[in-house]
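As given, the protein sequences belong to chains Y, D and R, one line each in that order.
Quick note on numbering: the first sequence equals residues 6 to 675 in this note's numbering.
Quick note on numbering: the second sequence equals residues 44 to 229 in this note's numbering.
Quick note on numbering: the third sequence equals residues 50 to 339 in this note's numbering.
Ideal Cβ positions, reconstructed from N, Cα and C, are used throughout, including at glycine.
Right, one structure below, let's go through it.
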Amino acid sequence: MARIGVFICHCGENISATVDVEKVARLAGKLSGVAYSVDYKYMCSDPGQTLIVDAIKEHKLTGIVVGACSPRMHEGTFRKAAEKAGINPYFCEMANIREHCSWVHPKSDETTRKALDIVRTMVEKVKNDTALFPIKVPVTKTALVIGGGIAGIQAALDIANAGHQVIMVEKTPSIGGHMSQLSETFPTLDCSQCILTPRMVEVAQHPNITLHTFAEVENVSGFIGNFDVNIRLKAKSVDFSKCTGCGSCWQKCPAKKIPDEFNAGMSFRTAIYTPFPQAVPNKPVIDRANCTWFTKGGKCGICAKICPTGAIDYTVQDEIINVKVGAIVTATGFDIKHSDFFPEYGYGKHPDIIDGLQFERLASASGPTGGEIRRPSDGKVPETVVFLACAGSRDKAKGIEYCSKICCMYTAKHAMLYKHKNHHGKAHVFYMDIRSAGKSYDEFVRRAIEEDDVNYIRGRVSRIYEKNGKLMVVGVDTLLNAKPVTIEADMVVLATAVIANEDAESVAQKLHISYDKHKFFAEAHPKLKPVETNTAGITLAGACQSAKDIPETVAQASAAAAKTIILFSGSEMTREPVVATVNRSAAPVFTTCTGCFLCQEVCPYQAIEREEIRDRAGNLLMNAAKVNAGLCQGCGTCVAMCRNKSIDLQGFSNQQMLSEVMGLLNAPFE
Amino acid sequence: MKNKHTWTQELSLKQQVEQAVGIEVQTCYQCGKCTAGCPLNEEMDLMPNQILRMLQAEYPGYENEILSSTSIWLCLACDTCYSRCPQEVKLPQVMDFLRQESIRRNLVNPKAQHILKFHKAFLAEVERNGKLNELGLTIDYKLRSFNIFQDLQNAPSMLFKGKLGLIPHKVQNPSEIKKLFKKITF
Amino acid sequence: MRVGYYPGCSLQGSGREYSESLLAVAEKCGIVLEEINDWNCCGASAAHSLNHDLSVALPARTLALAEKQGLEQILVPCAACFSRLATAQQELVSSEPMRSKISDYLEMPVKGSARILTVFEFLQEHIFPVADQYIVNKLNHKTACYYGCLLSRPKDLTRLEYPEDPMEMEAVMEKAGATPIDWAFKTECCGAGLSVSRTDIVAKLSAKIVEDAVSRGAESIVVACPMCQMNLDLRRKEINKQMDQGSDIPVMFVTQALGLSMGLSADKLGLNRHFVSTGKVVSCVGRKEV
Numbered sequence: 006m007a008r009i010g011v012f013i014c015h016c017g018e019n020i021s022a023t024v025d026v027e028k029v030a031r032l033a034g035k036l037s038g039v040a041y042s043v044d045y046k047y048m049c050s051d052p053g054q055t056l057i058v059d060a061i062k063e064h065k066l067t068g069i070v071v072g073a074c075s076p077r078m079h080e081g082t083f084r085k086a087a088e089k090a091g092i093n094p095y096f097c098e099m100a101n102i103r104e105h106c107s108w109v110h111p112k113s114d115e116t117t118r119k120a121l122d123i124v125r126t127m128v129e130k131v132k133n134d135t136a137l138f139p140i141k142v143p144v145t146k147t148a149l150v151i152g153g154g155i156a157g158i159q160a161a162l163d164i165a166n167a168g169h170q171v172i173m174v175e176k177t178p179s180i181g182g183h184m185s186q187l188s189e190t191f192p193t194l195d196c197s198q199c200i201l202t203p204r205m206v207e208v209a210q211h212p213n214i215t216l217h218t219f220a221e222v223e224n225v226s227g228f229i230g231n232f233d234v235n236i237r238l239k240a241k242s243v244d245f246s247k248c249t250g251c252g253s254c255w256q257k258c259p260a261k262k263i264p265d266e267f268n269a270g271m272s273f274r275t276a277i278y279t280p281f282p283q284a285v286p287n288k289p290v291i292d293r294a295n296c297t298w299f300t301k302g303g304k305c306g307i308c309a310k311i312c313p314t315g316a317i318d319y320t321v322q323d324e325i326i327n328v329k330v331g332a333i334v335t336a337t338g339f340d341i342k343h344s345d346f347f348p349e350y351g352y353g354k355h356p357d358i359i360d361g362l363q364f365e366r367l368a369s370a371s372g373p374t375g376g377e378i379r380r381p382s383d384g385k386v387p388e389t390v391v392f393l394a395c396a397g398s399r400d401k402a403k404g405i406e407y408c409s410k411i412c413c414m415y416t417a418k419h420a421m422l423y424k425h426k427n428h429h430g431k432a433h434v435f436y437m438d439i440r441s442a443g444k445s446y447d448e449f450v451r452r453a454i455e456e457d458d459v460n461y462i463r464g465r466v467s468r469i470y471e472k473n474g475k476l477m478v479v480g481v482d483t484l485l486n487a488k489p490v491t492i493e494a495d496m497v498v499l500a501t502a503v504i505a506n507e508d509a510e511s512v513a514q515k516l517h518i519s520y521d522k523h524k525f526f527a528e529a530h531p532k533l534k535p536v537e538t539n540t541a542g543i544t545l546a547g548a549c550q551s552a553k554d555i556p557e558t559v560a561q562a563s564a565a566a567a568k569t570i571i572l573f574s575g576s577e578m579t580r581e582p583v584v585a586t587v588n589r590s591a592a593p594v595f596t597t598c599t600g601c602f603l604c605q606e607v608c609p610y611q612a613i614e615r616e617e618i619r620d621r622a623g624n625l626l627m628n629a630a631k632v633n634a635g636l637c638q639g640c641g642t643c644v645a646m647c648r649n650k651s652i653d654l655q656g657f658s659n660q661q662m663l664s665e666v667m668g669l670l671n672a673p674f675e
Numbered sequence: 044m045k046n047k048h049t050w051t052q053e054l055s056l057k058q059q060v061e062q063a064v065g066i067e068v069q070t071c072y073q074c075g076k077c078t079a080g081c082p083l084n085e086e087m088d089l090m091p092n093q094i095l096r097m098l099q100a101e102y103p104g105y106e107n108e109i110l111s112s113t114s115i116w117l118c119l120a121c122d123t124c125y126s127r128c129p130q131e132v133k134l135p136q137v138m139d140f141l142r143q144e145s146i147r148r149n150l151v152n153p154k155a156q157h158i159l160k161f162h163k164a165f166l167a168e169v170e171r172n173g174k175l176n177e178l179g180l181t182i183d184y185k186l187r188s189f190n191i192f193q194d195l196q197n198a199p200s201m202l203f204k205g206k207l208g209l210i211p212h213k214v215q216n217p218s219e220i221k222k223l224f225k226k227i228t229f
Numbered sequence: 050m051r052v053g054y055y056p057g058c059s060l061q062g063s064g065r066e067y068s069e070s071l072l073a074v075a076e077k078c079g080i081v082l083e084e085i086n087d088w089n090c091c092g093a094s095a096a097h098s099l100n101h102d103l104s105v106a107l108p109a110r111t112l113a114l115a116e117k118q119g120l121e122q123i124l125v126p127c128a129a130c131f132s133r134l135a136t137a138q139q140e141l142v143s144s145e146p147m148r149s150k151i152s153d154y155l156e157m158p159v160k161g162s163a164r165i166l167t168v169f170e171f172l173q174e175h176i177f178p179v180a181d182q183y184i185v186n187k188l189n190h191k192t193a194c195y196y197g198c199l200l201s202r203p204k205d206l207t208r209l210e211y212p213e214d215p216m217e218m219e220a221v222m223e224k225a226g227a228t229p230i231d232w233a234f235k236t237e238c239c240g241a242g243l244s245v246s247r248t249d250i251v252a253k254l255s256a257k258i259v260e261d262a263v264s265r266g267a268e269s270i271v272v273a274c275p276m277c278q279m280n281l282d283l284r285r286k287e288i289n290k291q292m293d294q295g296s297d298i299p300v301m302f303v304t305q306a307l308g309l310s311m312g313l314s315a316d317k318l319g320l321n322r323h324f325v326s327t328g329k330v331v332s333c334v335g336r337k338e339v
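Next up, the structure:
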C-alpha cells in the first residue's frame with residue numbers, strides 16, 4: 006500500500022502569494038495513498054530538506070511529491086534527499102506549482118484548485134513509480150578541440166596537462182587564429198605573437214596533444230563520453246615527414262598574386278605557402294584552388310623540382326580518419342565584417358578605408374609594411390587618421406543590433422599605436438559610448454586621450470567620400486550642440502562588427518549544438534552555464550559563443566577544459582536511467598516486439614539497435630528492437646510509434662502517464 | 044501601448060508623435076548620424092537628433108521650442124536621415140507630424156512663414172484645378188508672401204521657353220477635387 | 050504590355066523637356082505610353098507636410114483611375130511624383146483600414162495594385178531590349194549622373210541595386226556613348242522644393258553638386274528629376290555666386306541624352322529650353338562607328 010508524502014513549498018512568496026499553500030497541503034493530505042502532507046516556506050533549503058528526510062523516516066513513506074518549482078531546478082536536490090532517507094530517488098516526483106501555476110495566474114480560488122490538481126496528478130504518478138538505478142557508461146578519456154586559436158590552445162593545454170589525450174583540429178594551415186594577426190594587445194600593449202607563439206609551440210610539442218592542421222571535422226555521432234568523429238585531413242600536397250621547412254618552394258613559386266588571408270588581403274602570397282613566419286607547424290601546404298599545377302592541368306611543378314627532400318606530392322588525396330573522443334571543446338572563433346559591407350562608407354571601393362584586422366596587419370612588424378602605418382593606395386604615411394567605432398554594431402538597420410564588445414578597446418589601441426609611430430599625425434575617433442569595463446581598461450582609454458592626444462568626438466559618421474585625394478568623413482559632435490564636423494582624412498579605420506564565421510552554422514549542425522540568429526553558438530544558461538551547451542559533452546570556448554577579448558577567452562577556455570576534466574575524472578560516467586526499454590521475457594515469447602523497427606526509424610539519437618534472438622542451437626528466431634541505454638535520451642518518440650506498446654519509457658511509463666491523466670480528471674473535491 | 048495615459052489629460056507631444064507615426068521615440072540612442080548627413084544641418088536652429096532628444100526628455104518648454112523651430116520647416120524630406128539611421132527611426136514622418144502640430148498650436152516660426160505660405164499656395168492651386176499650374180502658384184505665393192520681385196527676371200525667359208503655361212491645366216471635373224479637399228482637410 | 054504614363058504637373062510646365070524627350074524616345078522605339086485619364090496632382094511636398102490623409106488621397110486618386118483604365122504598369126518619370134505615388138501605394142497595400150478610408154474619400158475603389166515604374170526600370174525593361182538598333186550616335190563626352198534624393202531613397206521603394214552609389218543611370222549613358230564619371234554627390238540633395246521659398250539654400254546645396262561634378266572633369270550633368278534639373282539649371286546664376294569659379298556645365302535629362310544618341314534633333318528633345326546652354330554637349334555628338 007502506498008504511503009506517499011506531500012510537501013508543498015511556499016517558495017518565499019513566489020508560490021504563496023497566489024496559491025493558498027496551506028489549503029493545498031491540507032486537502033492533499035486527504036488524497037488516497039497520501040500518508041503525510043505538510044507545507045513549508047523554503048523546501049530546497051537545508052531545514053526544508055531535513056524536514057523531508059525526517060518525515061520519510063518517521064512516517065515510513067514509500068514515495069514523495071514535492072509541490073514547488075520546476076523539476077529542472079530542484080528535482081536533483083529532492084531526489085538526493087530521498088536517497089539520503091533511504092528510499093530509491095526515483096520515487097520522488099516534483100509537482101510544478103510555480104512555473105506552471107503560481108507564476109502564470111493571479112491569486113484566486115481557481116489558482117489554488119489548479120495547484121491541487123497538479124499535486125494530485127503527481128501523487129498518482131508516484132503510485133506507479135518503479136525503482137530505477139543509474140546507468141554506468143564508459144568514458145573515452147580523449148578530448149577533441151575544434152579550432153586552434155588562443156581559445157583552443159588554452160583548452161588543449163589545460164586538458165593535456167591534466168594527463169588526458171587531446172586531438173586538436175584546425176582548418177587553416179597553422180594554429181594561432183586571429184590573435185596571431187594582432188600587433189599588440191590591450192591593455193598592456195604586449196606584442197601579441199610574443200605571448201602567443203610559446204603556447205603554440207607548447208601545443209605542437211606536447212606529448213598528449215595530437216595536432217591536425219589543414220583539417221576539418223567531417224561529422225560527429227555518439228554521445229557524451231562516447232563520441233565518434235570523422236576528421237577530414239585535407240590534402241596538403243606536402244609530406245610533412247620529409248619537409249624540413251626550408252622555404253625553397255614558396256620562394257620560387259610563380260603563382261604570386263593570391264590575396265594573403267593572414268595579411269587581411271593587403272598583400273599577396275604564393276600558392277605553396279606557410280601563412281606566417283612563426284606558423285606551427287612551420288611547413289607549407291599547397292592551395293590547390295590557386296596552384297597552376299592543379300588549375301592548368303599539370304603545368305609548372307617547380308616546387309617539386311626545387312624541393313631538396315622530394316616532399317611535394319601532387320597526387321595525395323584528402324584522408325578521412327576516425328577518432329573516438331569523450332568530450333568536444335568548440336573553439337572555432339569569429340570573423341569581422343569588411344569594409345564592402347558599408348554602402349555609406351563606399352562599398353569597399355576605397356583602399357584607404359580599412360577594417361580593424363587590416364590595421365593590425367599594418368601596425369604589425371611582420372605585416373605588409375613592416376610595422377609602418379602606410380596607406381594601402383599609395384604607400385604614403387597618413388597625416389590624419391580617423392577611426393570609426395560602432396561600424397555596423399548596435400545597428401538594427403544593418404541587422405547587427407548587438408555590441409561587439411572589443412572595438413572600443415582596440416580602437417583606442419589603434420589610435421595609440423598610430424600616434425606612437427607618428428608623433429605629428431592627428432588621430433580622431435568618432436564614438437557613441439566607450440565600453441572599457443575590464444581591469445585597467447578605462448585607464449587605457451584615458452591614456453589614449455590624455456597622453457597620446459587622440460581626439461575623441463562623440464557622434465556617428467553619416468558618410469565618407471573621396472575628394473582631391475582626401476577621404477571626407479562627414480560626422481557630427483553631439484556634445485557640442487550637434488555641430489556638424491567634416492574631417493579630411495588620409496586613412497579611415499572602421500571598427501567593424503564581430504560576426505560568426507561563415508561556416509558556423511554548418512559546424513553547429515555537425516555537432517548538433519544550438520545557435521542563435523546571428524549564428525553564435527548557444528550556451529546552456531546565459532548566467533550559470535556559460536561554457537556548456539545543451540548537448541551534453543560539448544563545451545564552448547571563445548568568440549564562437551559571443552564577441553569577447555583575450556582575457557575572457559582564455560578564462561572561458563580553461564573553464565571548458567575544467568568541465569572536460571571533470572567528465573574524465575571518474576572511470577565511468579553515470580547517466581540518468583530515464584531511458585526506453587523493449588520488453589523481454591522468457592522463451593517461447595522472448596518479447597512482444599514484432600521487429601518492425603519503426604522505433605529505429607524515428608529515433609533522433611540512433612539509439613535503437615537490432616538484436617538477434619536465437620535459440621539454444623544458435624538458430625535465428627527473430628530480430629527484435631533493443632535500446633542502447635548509453636545513447637537514449639528518453640524523448641519517448643519510439644514509445645509513441647510502437648504499435649503494440651512493446652517499448653516503454655522508464656520513469657515516464659505508459660501506465661504512469663495514464664494514471665496522471667486519470668488523476669487529473671477524477672477530481673475528488675468538487 | 045505602454046505609455047498610454049489612464050487619466051483624461053492630453054497626450055504629451057512625444058506620445059502624440061508615437062501615436063501618429065508609430066515609432067518609439069525611445070529607440071533613438073542619439074548617435075547623431077542623422078544630423079551628420081542632413082543637407083540642412085548648417086541652416087537649422089535645432090538639429091534633427093536634438094529634436095528627438097527633446098521629445099524624449101520632455102523638459103518644460105521643450106514642446107513649444109520644437110514646434111516653433113525653423114528646422115521642421117526647412118526639412119526637405121530627402122530621407123538621408125532615415126536611410127542611414129541604425130535604429131530605423133522614421134524621422135521624415137516625425138517632421139511631417141511636427142509641422143502639422145505646429146500649425147494646430149499656432150506656433151509656426153515667423154522665419155518659416157513663407158515656406159508655409161508656399162505650401163498653402165501650392166495646395167490652393169491644386170484644390171482649384173486638380174493640377175498645379177506654375178504661373179498660378181507663383182502669383183498666389185507672391186500675393187501671400189509679398190515677395191513680388193524675386194524671380195521676376197526669370198519670368199520672361201520662362202514664358203519664352205514655353206515653360207510657363209498661361210492657360211492652366213485642369214482635371215475634367217475640378218469640383219471633384221474641391222470635394223475631396225473639403226472632406227479631408229476639415 | 051500596356052504601359053501607363055503619369056507625367057505629373059512639372060512635366061507639363063517647367064519640366065516639359067523631360068516629357069518631350071521621353072515621348073520622343075518611346076515613339077522612336079515603338080513603345081506606346083498611355084497617359085492616365087484625368088490624372089491629378091500628386092500633392093508633392095505640400096500635401097505630406099500639411100495633411101497626411103491628403104498626401105495619400107491625391108496620389109490614390111490617380112492610382113484608382115489607372116486601375117479603372119486597366120493599366121497594370123505605370124511609368125512615373127518625375128522623382129517626386131514617383132515617391133508620392135509609391136509611398137501612397139505602400140500605405141494602401143499595408144493597411145486595409147487606410148485603404149478603405151481613402152476609397153471612401155475618393156468615392157472610388159482603389160487597390161494600389163498597379164506596378165509603378167521608375168524611369169530607370171522603364172528604360173531597362175522596355176527601351177534597352179530594342180534600343181541598340183536605334184542608337185546611331187555616340188555622345189562622346191564625360192558626364193556626371195545625378196540621381197538626387199527621391200530616386201535613391203527610401204531604398205525599398207526605389208529598388209536601386211546600390212542605393213549609395215547607383216549605376217542605373219550610368220548604364221543608360223554608356224549605351225548612349227557617353228563616359229560616366231565616378232563622383233561623390235550622386236545622391237546628395239539639391240534643395241528640392243525650397244527652390245522658391247529659400248533659393249539661397251538651393252544655391253548652396255546645388256553649388257556643392259555642380260562643383261564636385263566639374264572638379265572631376267564632367268562636361269554635363271544628367272538628371273532624371275524635373276526639380277533637380279530646375280535647381281541646377283534655372284538657378285545657375287545663384288549657384289555661380291556660391292562657387293569660387295562659376296560654371297556653364299549643362300544639365301540634361303537622361304531621356305534627352307538617350308534621344309540625342311538616337312539621332313533625334315535637339316529641338317525635338319527640348320534642348321533649347323534650358324537656361325544653361327546645352328550647345329557644347331550637342332556639338333560633341335558624333336556618328337557611332339558600326
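- Contact check for residue 153(Y) against residue 173(Y) passes: the beta carbons are separated by less than 8 angstroms.
- Within the same chain, 150, 151 and 154 come within 8 angstroms of residue 102(R) by CB-CB distance, once the 5 residues on both sides are set aside.
- Within its own chain, the residues whose Cβ lies closer than 7 angstroms to the Cβ of residue 108(R), once the five positions on either side in sequence are excluded, are 91, 92, 133, 134 and 137, listed in chain order.
- At a cut-off of 8 angstroms between beta-carbon atoms, residue 245(R) makes contact with chain D.
- For the region 459-473 of chain Y, the residues whose beta carbon sits under 8 angstroms from a beta carbon of chain R are, in order, 468, 470, 471, 472 and 473.
- Bridge partners of residue 44(Y) according to DSSP: 13(Y).
- Listed along the chain, the chain Y residues whose CB falls inside 7 angstroms of the CB of residue 203(R) amount to none; the nearest CB is some 11 angstroms away.
- Inclusion of residue 291(Y) and residue 277(Y) in the CB contact set at 8 angstroms is warranted, their separation being smaller than that value.
- Residue contact check for residue 103(R) against chain D: a CB pair falls below 8 angstroms.
- By the criterion of at least three beta-carbon pairs nearer than 8 angstroms, the region 139-158 of chain Y is in contact with the region 543-559 of chain Y.
- In the structure shown, residue 170(Y) adopts extended strand secondary structure according to DSSP, grouped into three states.
- Looking at the backbone, the Cα of residue 456(Y) and that of residue 484(Y) are separated by about 21 angstroms.
- In this structure, DSSP gives residue 562(Y) a helical state, which the three-state scheme calls helix.
- For residue 455(Y), no Cβ of chain R is located within less than 8 angstroms of the residue's own Cβ.
- Annotation: Cβ neighbours of residue 87(R) in chain D (cutoff 7 angstroms, chain order): 214 and 215.
- Annotation: residue 163(R) to residue 88(R) spans about 15 angstroms, alpha carbon to alpha carbon.
- Under the rule that a run must span 3 or more residues, the beta strand (DSSP E) segments found entirely inside the region 180-229 of chain R read 191-195.
- If you compare the alpha carbons of 73(Y), 38(Y), 8(Y) and 344(Y) with that of residue 16(Y), the shortest gap goes to 73(Y).
- Residue 255(Y) and residue 245(Y) have their C-alpha atoms roughly 15 angstroms apart.
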